[in-house]
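Residue numbers (our numbering): 5 to 419. Below: one structure, written as structure tokens.
Quick look at the structure:
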């Protein structure tokens with residue numbers, strides 16, 4: 005049987021993207037293991053909180069503009085798309101430039117509860133990583149999926165390997181400060197690459213900030229803003245609650261187990277579903293329900309298959325890995341991992357149908373469900389974590405993810 009060239013090309017494209025995403029996820033995961041083994045669970049807990057902040061802060065600062073602009077630039081000519089992208093990035097940069105000095109000043113006025121160097125490095129990471137992530141989303145919307153994947157590898161996949169290599173060679177560098185410094189340097193390199201891309205091909209001629217587009221986007225993107233903030237808070241509120249009630253070491257335990265499960269989530273969602281988001285949006289805008297549902301069905305089947313295979317692999321490997329980390333608390337808490345993995349499978353399903361609702365432009369439904377999930381996650385964590393410890397946090401994760409999966413599926417079926 006002859007191989008369909010277009011199908012071969014699609015499989016090769018997906019394999020390449022999967023490899024790039026896999027390299028990024030693997031590097032971040034190895035950094036988590038390195039931090040656990042050589043820095044300690046408390047430093048891993050701080051790192052985990054910063055990872056959560058890199059999701060929550062962009063959602064708050066982002067003003068809901070990313071999804072609104074994504075729909076506008078999918079089919080727009082370069083002269084229209086570049087000003088939208090510049091406006092989007094400029095707005096976020098402006099908020100960081102105004103708010104961060106105020107926060108740093110308050111930290112100093114309060115006696116530096118956050119060590120000054122940690123506060124500066126954390127602030128730089130939050131700003132630069134936020135903007136690089138937005139630039140990556142814009143590239144995906146423009147169907148520049150390979151460029152986005154390479155950018156993400158530079159942003160999150162290369163520097164962990166370098167930090168680990170230096171740390172293994174020079175024990176004095178095995179500190180949280182050096183780890184964060186490596187992160188900052190990598191983000192500076194990313195922005196040098198992005199500047200080169202902006203200058204190439206005369207794109208810089210279209211770079212301009214448009215206040216009218218900003219005002220329109222903030223007004224029309226309010227549902228997206230509610231969704232972004234709610235999703236971010238709902239996804240990471242658990243580790244902040246754990247840090248308050250159970251301490252940084254148990255935050256580190258939860259961060260490690262979550263990181264293992266997140267490898268499965270990231271490879272599945274961002275390696276299978278996200279590369280086709282532009283096609284899904286265009287199919288939803290085209291009005292051909294049969295074409296849209298066929299594409300949706302294929303994506304969901306591929307997503308489910310990868311999720312099952314990857315979760316089985318992760319679950320099989322972790323018990324053999326823990327003894328090498330020399331942290332008895334991790335082995336004593338292993339049952340928590342099985343619960344977190346089950347919740348992650350439900351989260352993958354929920355995210356898949358979240359993309360479907362986005363393509364169908366069910367913005368109010370998306371926002372309403374996101375608010376409900378965030379409130380449920382916060383309330384369940386506050387109720388269960390002080391009472392049941394990490395088991396309570398993991399149970400809250402299962403209930404929230406399962407409920408969101410069921411509701412997103414239900415509303416994606418409604419006409």
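Positions of the beta carbon are idealized from the N, C-alpha and C atoms, including for glycine.
{"Check": "Over the uninterrupted alpha helix (DSSP H) stretch that includes residue 79, give me the two end residues.", "Outcome": "Element bounds for residue 79: n/a, residue is neither H nor E."}
{"Check": "Which word fits residue 5, buried or exposed, when buried means at least 16 other C-beta atoms lie within 10 angstroms of its C-beta?", "Outcome": "Caution is warranted here: a pLDDT of 43 is assigned to residue 5, below 50, making its placement in the model unreliable, and no coordinate value can be reported."}
{"Check": "Under a three-way DSSP split, which group does residue 6 fall into?", "Outcome": "Unreliable placement is indicated for residue 6, whose pLDDT of 49 sits below 50; the coordinate value is still reported in the next sentence. In the structure shown, residue 6 sits in coil (DSSP, three-state: anything other than H, G, I, E or B)."}
{"Check": "Any beta carbon from chain B within less than 7 Å of residue 295's own beta carbon?", "Outcome": "The displayed structure is made up of one protein chain only, and chain B is not part of it."}
{"Check": "Do residue 375 and residue 236 have their C-beta atoms within less than 7 Å of each other?", "Outcome": "no"}
{"Check": "Between the Cα of residue 417 and the Cα atoms of 364, 385, 372, which residue gives the shortest distance?", "Outcome": "364"}
{"Check": "Unbroken alpha helix (DSSP H) runs of length 4 or more, entirely within the stretch 113-158: which are they?", "Outcome": "120-145, 149-156"}
{"Check": "Does DSSP classify residue 226 as helix, strand or coil?", "Outcome": "helix"}
{"Check": "Which residues in the same chain have their Cβ closer than 7 Å to the Cβ of residue 25, if we skip the five residues on either side of it in sequence?", "Outcome": "153, 270, 271, 274, 275"}
{"Check": "I need the DSSP call for residue 364, collapsed to helix, strand or coil.", "Outcome": "coil"}
{"Check": "How far does the alpha helix (DSSP H) with residue 405 in it extend, from its first residue to its last?", "Outcome": "394-417"}
{"Check": "Tell me the start and end of each unbroken alpha helix (DSSP H) in the stretch 309-350 that is at least 4 residues and wholly inside, in chain order.", "Outcome": "332-336"}
{"Check": "Which residues bound the alpha helix (DSSP H) around residue 169?", "Outcome": "162-173"}
{"Check": "So is residue 187 buried or exposed if we call it buried at 16+ other beta carbons inside 10 Å?", "Outcome": "buried"}
{"Check": "Might you give, ordered along the chain, the residues of its own chain that have their beta carbon closer than 6 Å to the beta carbon of residue 1, omitting 5 neighbours on each side?", "Outcome": "Residue 1 cannot be examined here, being either before or after the span of the chain that is shown, 5 to 419."}
{"Check": "Check whether the stretch 248-263 and the stretch 39-57 touch, using three or more Cβ-Cβ pairs below 8 Å as the test.", "Outcome": "yes"}
{"Check": "Measuring only the C-alpha atoms, how far is residue 148 from residue 84?", "Outcome": "16 Å"}
{"Check": "Would you mind giving the Cβ-Cβ distance between residue 250 and residue 389, rounded to the nearest angstrom? I have them listed as a contact below 8 Å.", "Outcome": "7 Å"}
{"Check": "Could you give the first and the last residue of the continuous alpha helix (DSSP H) run that contains residue 258?", "Outcome": "252-272"}
{"Check": "Quick check: the Cα distance between residue 285 and residue 198, rounded to an integer number of angstroms?", "Outcome": "25 Å"}
{"Check": "Taking the alpha carbon of residue 67 as the reference point, which residue from 30, 151, 220 has its own alpha carbon closest?", "Outcome": "220"}
{"Check": "At a cut of 8 Å, does the stretch 398-413 reach the stretch 355-363 through at least three beta carbon pairs?", "Outcome": "yes"}
{"Check": "Give the DSSP-derived three-state secondary structure of residue 386 in the structure shown.", "Outcome": "helix"}
{"Check": "The alpha helix (DSSP H) that contains residue 46, what's its start and end?", "Outcome": "45-65"}
{"Check": "Report buried or exposed for residue 138, applying the criterion of at least 16 other Cβ atoms within 10 angstroms of its Cβ.", "Outcome": "buried"}
{"Check": "Whole angstroms are fine: how far does the CA of residue 23 sit from the CA of residue 3?", "Outcome": "Nothing about residue 3 can be read from this structure; the chain reaches only from 5 to 419."}
{"Check": "Assuming residue 97 and residue 135 are in contact, meaning their beta carbons sit under 8 Å apart, how far apart are those beta carbons, in whole angstroms?", "Outcome": "6 Å"}
{"Check": "Identify, in the order they occur along the chain, each residue of the same chain with its Cβ nearer than 7 Å to the Cβ of residue 262, setting aside the five sequence neighbours on each side.", "Outcome": "344"}
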